[in-house]
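**Student:** I have a structure I would like to understand better, so I am pasting it below and will then ask my questions one at a time.
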Amino acid sequence: MNKILLFELNTQSLGFDLHYVKEVIENKNIQPVPLAPHFVLGIVNRRGKIFTIINLAALLGVPSKELSPDSRIVILEHKAMDIGILVDIINQTKSVSSPAQKGNKTRLFNSKGKEFCHRVLKFEEGIHLLDLEKFFTFLKEGKFNG
Amino acid sequence: MDLDKYIQIFFSQAENYLREIYHILLEIEHGHVEKDLVDHLMSNTHSIKGMARTIGFSDVEKLSHGLESFVKNLPSQKEPVSDEFGLLFEGFEVLEQLIENLKTNASQKISYQDLLNKLQSLPFSSDKTVAIPPAGGDFSPKLKGYTHAQVRTETLDNLLNLVSETLLCQNRLATISKTYSLRELHSSLFDLNELIKELHLQITLARMMPIKILTDRIARIIRNLAKEKQKEIEFIVKGEDLEIDRSILEGLEEPLIHIIRNAVDHGIEEPEERERKQKPKKGTITLSISRFKETTMIQFDDDGKGMDPHFIKQKALEEGLITAVQEKTMSPEDALQLIYAPNFSTAETVTEISGRGHGMFIVKNKVNALGGSIEISSQKDIGSKIIIRLPLTLSIMSAFIIRVGPYLLAIPIAKVIANTRIVPQEIFYQNHKETITFRKSPIFLCPLHTVLNVASPPLHEGGYLSLVIVEIGNHHMGLIVDGFVGQQEIVIRPLKPPLNHIKVFSGITILGDGKITFLLNLEELLKQKNP
Chain L
1 MNKILLFELN TQSLGFDLHY VKEVIENKNI QPVPLAPHFV LGIVNRRGKI
51 FTIINLAALL GVPSKELSPD SRIVILEHKA MDIGILVDII NQTKSVSSPA
101 QKGNKTRLFN SKGKEFCHRV LKFEEGIHLL DLEKFFTFLK EGKFNG
Chain R
1 MDLDKYIQIF FSQAENYLRE IYHILLEIEH GHVEKDLVDH LMSNTHSIKG
51 MARTIGFSDV EKLSHGLESF VKNLPSQKEP VSDEFGLLFE GFEVLEQLIE
101 NLKTNASQKI SYQDLLNKLQ SLPFSSDKTV AIPPAGGDFS PKLKGYTHAQ
151 VRTETLDNLL NLVSETLLCQ NRLATISKTY SLRELHSSLF DLNELIKELH
201 LQITLARMMP IKILTDRIAR IIRNLAKEKQ KEIEFIVKGE DLEIDRSILE
251 GLEEPLIHII RNAVDHGIEE PEERERKQKP KKGTITLSIS RFKETTMIQF
301 DDDGKGMDPH FIKQKALEEG LITAVQEKTM SPEDALQLIY APNFSTAETV
351 TEISGRGHGM FIVKNKVNAL GGSIEISSQK DIGSKIIIRL PLTLSIMSAF
401 IIRVGPYLLA IPIAKVIANT RIVPQEIFYQ NHKETITFRK SPIFLCPLHT
451 VLNVASPPLH EGGYLSLVIV EIGNHHMGLI VDGFVGQQEI VIRPLKPPLN
501 HIKVFSGITI LGDGKITFLL NLEELLKQKN P
């Protein structure tokens, strides 16, 4: 049984495996990075550690929403990278026992978004599950223009 | 003590013993057969044998036993015959492989029986006299009189990271005390800063390793390679007792060996060719290591065939790296720089004729990654010279902080020649590049705001631009910036994905006030500006 963290980007519901989450922090003090790929929002200094903040909406091709007091940064657990992702609202965690049925991927995503969403959960509405391993590999390989 | 722990100790000790052994062998080969050296050689071999026996590494035990017997009967005070002596090199190399295989759990079998037979059949090998000592002697603790402790390298890395973080924390406190004008706190923090710097120095020193470890390996490589290529080469090392930071030493291994291989393979001519050129039959490769302030300098010289700038230019033209006009106008010094181009270095025919050049692109990248620079000069038929300059340590450096648009950036102070101001009227164009005259020579400019895609810097009151002149190898470049922030000790951390793909930065750091700053990769800027 896996626990899933659910969140929203614009009005799209997404989720990923909870064991990737280290902590959730407020969205503040983000410094811009010169020459960064378009999906990098900036960096934050959190207790002397530097995290790169990813604008997930820009990466997946979901129209970005204005930042609100509900926006959060989800700091991810990874041994070689210090990554946080910006999400609009954190919803809840959910337990998923069986492999989810496949549904139609949202029209909102670009090709990258379709690649990262490996399956769609059919709860009340479609919840797109992200494959974070693919996401990490993408960041590592650095082919950001293709 | 459990066996696993024994085995770990064995591997680390064996490595030390072998390192020592190779050093002695090289020394003996250069003609100093002293009883001391032979004794030392024997005791090291004996130690490996004893430990291997305790653990039950029987192959290692048998071979080291054979080697020990051979060494024991080396005629002292007489120069050993080289063929027989060569067998010792071979023997210890096989022994090293045996140990390496055990360490990595490799299943591949190494046969050493022939070698053992050969060792035993040589005149001064008599197995009768060697008594195998009782097992385990080398593990007995001898606490008294120990001046060295073995520390795990990981522990040293952790210590260095911790002291770096402590320095950052102190920087933050200093900023706070400045903001609130807390004079007493300020003076305590000053003392603390001195202590942390001293602590950092001591840990840095603990991480230092003699470069001899690497030069001994290089000596062996030259020895084997020269034999294989039937060349005669004298290898001279100067300053091998200098110590450098362990991580720099590790990073240096591949580029140094690469350069040496190039020199032996393509630089030094065959004996007949050298005689035809009226050069000494034996070629010479010299490696000199020296330190000046915070820079370690490694210099290679060989008296081989050198590189031909005309040939390099022709090849570069064929490869489409330069235009026909450039081929005519390019200076010989600039032509040599072409060997760093990635496309150039892969052409095999080029390396055959031009001397060195194969893979210099990789060498340069590795050296740059260590924060160092590389310089090459060469004269046809006289030889080549390569100079590598490296920082003392990787993690802490003095940096000059500059401002460009909304960003703060750091430049290693070691590379800053001057900060100055110019008026736009001073700028002229040379080879289509913005250039100024500085201390009577032309220096081309690199406007950082265009590199970083930010708005042009405002002209300061009085109509001038701020300029930082930097030195990259033997090139100078003027960086146009918005302003100077000052000098600081910074702790450099590597860039992690996805930021590591931004080539113009080579590291990241947090300043005292918590602001994040990028370290400029000057080599990359130069490359972009001067392709």
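Protein chains in written order, with this note's numbering: chain L, 1 to 146; chain R, 1 to 531. All residues carry an ideal CB built from backbone N, CA and C; glycine is no exception. What you are looking at is a predicted structure, and each value in this text was computed from that prediction instead of being measured.
What residues match up with residue 478/R in a beta bridge as DSSP calls it?
**Tutor:** The residue given as residue 478/R occupies position 478 in the second sequence. BP columns for residue 478/R point to 445/R and 469/R.
**Student:** Please check if any C-beta of chain L sits within less than 8 angstroms of the C-beta of residue 521/R.
**Tutor:** The sequence position of residue 521/R within the second sequence is 521, counting from 1. False, the Cβ-Cβ gap to chain L never drops below 8 angstroms.
**Student:** Per DSSP, residue 379/R is paired with what?
**Tutor:** Along the second sequence, one-based indexing puts residue 379/R at 379. Its beta-bridge partners are 383/R.
**Student:** Kindly list, in the order they appear in chain R, the residues whose Cβ is closer than 8 angstroms to that of residue 82/L.
**Tutor:** Residue mapping note: residue 82/L aligns to position 82 of the first sequence, counting from 1. The answer, in chain order, is 496.
**Student:** Leaving out five residues on either side along the sequence, give the residues of the same chain with a beta carbon under 6 angstroms from the beta carbon of residue 263/R.
**Tutor:** The sequence position of residue 263/R within the second sequence is 263, counting from 1. These residues qualify, in order along the chain: 285 and 302.
**Student:** For residue 119/R and residue 140/L, I'd like the C-alpha separation in whole angstroms.
**Tutor:** For this step, residue 119/R is matched to residue 119 along the second sequence. For this step, residue 140/L is matched to residue 140 along the first sequence. Looking at the two C-alpha atoms, the distance is approximately 52 angstroms.
**Student:** For the putative contact between residue 92/R and residue 9/R, defined by C-beta atoms under 8 angstroms, what is the C-beta separation to the nearest angstrom?
**Tutor:** Taking the first residue of the second sequence as 1, we reach residue 92/R at position 92. Taking the first residue of the second sequence as 1, we reach residue 9/R at position 9. Going by Cβ atoms, the distance from residue 92/R to residue 9/R rounds to 20 angstroms, so no, they are not a contact pair.
**Student:** Measure the C-alpha to C-alpha separation of residue 195/R and residue 510/R and round it to an integer number of angstroms.
**Tutor:** The sequence position of residue 195/R within the second sequence is 195, counting from 1. The sequence position of residue 510/R within the second sequence is 510, counting from 1. Each residue's alpha carbon lies about 20 angstroms from the other.
**Student:** Following the continuous beta strand (DSSP E) through residue 399/R, name the residue where it begins and the one where it ends.
**Tutor:** Residue mapping note: residue 399/R aligns to position 399 of the second sequence, counting from 1. Counting along the chain, the beta strand (DSSP E) containing residue 399/R begins and ends at 396-404.
**Student:** Output the distance between the C-alpha atoms of residue 112/L and residue 16/L, rounded to the nearest integer angstrom.
**Tutor:** Numbered from its first residue, the first sequence carries residue 112/L at position 112. Numbered from its first residue, the first sequence carries residue 16/L at position 16. Approximately 16 angstroms, taken between the alpha carbons.
**Student:** Could you please give the first and the last residue of the uninterrupted alpha helix (DSSP H) stretch that includes residue 68/L?
**Tutor:** Mapped onto the first sequence, residue 68/L falls at position 68. First-last for residue 68/L: undefined, no H or E at that position.
**Student:** Skipping 5 residues on each side, what residues in its chain have a beta carbon closer than 8 angstroms to that of residue 37/R?
**Tutor:** As a working mapping, residue 37/R is identified with position 37 in the second sequence. Cβ neighbours of residue 37/R beyond the five flanking positions: 24, 27 and 28.
**Student:** Would you say residue 45/L lies against chain R (beta-carbon separation less than 8 angstroms)?
**Tutor:** To locate residue 45/L, count along the first sequence from 1; it is residue 45. So, interface residue.
**Student:** Tell me which residue opens and which closes the beta strand (DSSP E) that residue 419/R is part of.
**Tutor:** Sequence index remark: in the second sequence, residue 419/R carries index 419 (1-based). Here the beta strand (DSSP E) through residue 419/R covers 416-422.
**Student:** Which residues bound the beta strand (DSSP E) around residue 296/R?
**Tutor:** Residue 296/R sits at position 296 when you count from the first residue of the second sequence. Unbroken beta strand (DSSP E) run through residue 296/R: 295-302.
**Student:** Between the stretch 459-467 of chain R and the stretch 420-432 of chain R, do three or more beta carbon pairs fall short of 8 angstroms?
**Tutor:** Output reads yes: the stretch 420-432 of chain R touches the stretch 459-467 of chain R.
**Student:** Counting C-beta neighbours from all protein chains within 10 Å, is the total for residue 391/R 16 or more, i.e. buried, or is it exposed?
**Tutor:** Counted from its first residue, the second sequence places residue 391/R at position 391. Looking at its Cβ environment, which holds 16 or more other Cβ atoms inside 10 Å, residue 391/R is buried.
**Student:** Do residue 448/R and residue 467/R have their beta-carbon atoms positioned less than 8 angstroms apart in this structure?
**Tutor:** Taking the second sequence and counting its residues from 1, the one referred to as residue 467/R is at position 467. Taking the second sequence and counting its residues from 1, the one referred to as residue 448/R is at position 448. No. Outside cutoff.
**Student:** Considering only residues of the same chain and omitting the five flanking positions on each side of residue 397/R, which have a CB-CB separation below 6 angstroms?
**Tutor:** Your numbering for residue 397/R matches position 397 in the second sequence. Excluding residues within five positions, the ones whose Cβ falls inside 6 angstroms are 412.
**Student:** So with Cβ pairs under 8 angstroms, would you call residue 516/R a contact of chain L?
**Tutor:** On the second sequence, position 516 is the one that residue 516/R refers to. True, the Cβ-Cβ gap to chain L drops below 8 angstroms.
**Student:** Nearest CA to the CA of residue 244/R: which residue from 292/R, 97/R, 453/R and 310/R?
**Tutor:** Position 244 of the second sequence, counted from the first residue, corresponds to residue 244/R. For the residues 292/R, 97/R, 453/R and 310/R, the minimum Cα distance to residue 244/R belongs to 292/R.
**Student:** Alpha carbon to alpha carbon, how far is residue 208/R from residue 246/R? Give it in angstroms, no decimals.
**Tutor:** Translated into positions along the second sequence, residue 246/R becomes position 246. Translated into positions along the second sequence, residue 208/R becomes position 208. Straight-line Cα distance between these residues: approximately 5 angstroms.
**Student:** Taking the alpha helix (DSSP H) that residue 17/L falls in, what are its first and last residues?
**Tutor:** Counting from one through the first sequence, the residue named residue 17/L turns up at place 17. No alpha helix (DSSP H) holds residue 17/L; the beta strand (DSSP E) holding it covers 12-17.
**Student:** Along the stretch 446-460 of chain R, what residues have a CB closer than 9 angstroms to any CB found in chain L?
**Tutor:** Going along the stretch 446-460 of chain R in chain order, one finds 451, 452, 453 and 454 with a Cβ nearer than 9 angstroms to chain L.
**Student:** Under DSSP, the alpha helix (DSSP H) around residue 224/R begins and ends at which residues?
**Tutor:** Along the second sequence, one-based indexing puts residue 224/R at 224. Looking at the DSSP string, the run of the alpha helix (DSSP H) that includes residue 224/R is 212-229.
**Student:** Buried or exposed: which applies to residue 372/R, given that a residue is buried once 16 or more other Cβ atoms fall within 10 Å of its Cβ?
**Tutor:** In the second sequence, the residue the question calls residue 372/R occupies position 372. Looking at its Cβ environment, which holds 16 or more other Cβ atoms inside 10 Å, residue 372/R is buried.
**Student:** Can you tell me whether residue 114/R is buried or exposed, with buried defined as 16 or more other CB within 10 angstroms of its CB?
**Tutor:** Locating residue 114/R in the second sequence gives position 114, counting from the first residue. The residue is exposed, with fewer than 16 neighbouring Cβ atoms inside 10 Å.
**Student:** Just to confirm, does residue 92/L get its C-beta within under 7 angstroms of one of the non-hydrogen atoms of the ligand NAD?
**Tutor:** By its list of ligands, the structure shown contains no ligand whatsoever, and the ligand NAD lies outside what it can speak to.
**Student:** Determine, for residue 50/L, whether the minimum Cβ-Cβ distance to residues of chain R falls below 8 angstroms.
**Tutor:** Against the first sequence, residue 50/L aligns to sequence position 50. With 8 angstroms as the cut-off, residue 50/L counts as an interface residue toward chain R.
**Student:** Need the endpoints of the alpha helix (DSSP H) that residue 151/R sits in, please.
**Tutor:** In the second sequence, the residue the question calls residue 151/R occupies position 151. Counting along the chain, residue 151/R falls outside any alpha helix (DSSP H), and DSSP gives it neither H nor E.
**Student:** Using beta carbons (cut-off 8 angstroms, strictly below), is residue 218/R in contact with chain L?
**Tutor:** In the second sequence, the residue the question calls residue 218/R occupies position 218. Chain L contact via Cβ: absent.
**Student:** Check each residue of the stretch 392-423 of chain R: if its Cβ is closer than 7 angstroms to any Cβ of chain L, include it; give the result in chain order.
**Tutor:** For the stretch 392-423 of chain R, which is checked against every Cβ of chain L, the residues closer than 7 angstroms are 406 and 407.
**Student:** What is the residue span of the alpha helix (DSSP H) that residue 274/R lies within?
**Tutor:** If you number the second sequence from 1, residue 274/R lands on position 274. Element bounds for residue 274/R: 271-276.
**Student:** Go ahead and label residue 513/R buried or exposed: buried means 16 or more other beta carbons lie within 10 angstroms of its beta carbon, across all protein chains shown.
**Tutor:** Along the second sequence, one-based indexing puts residue 513/R at 513. Classification of residue 513/R: exposed, given that the 10 Å Cβ count is below 16.
**Student:** Does the beta-carbon distance from residue 4/L to residue 93/L come in below 8 angstroms?
**Tutor:** Here residue 4/L corresponds to residue number 4 of the first sequence, with the count starting at 1. Here residue 93/L corresponds to residue number 93 of the first sequence, with the count starting at 1. Yes, Cβ-Cβ distance for residue 4/L and residue 93/L is below 8 angstroms.
**Student:** Chain R partners of residue 33/L, CB-CB under 7 angstroms?
**Tutor:** Along the first sequence, one-based indexing puts residue 33/L at 33. Chain R residues near residue 33/L: 499.
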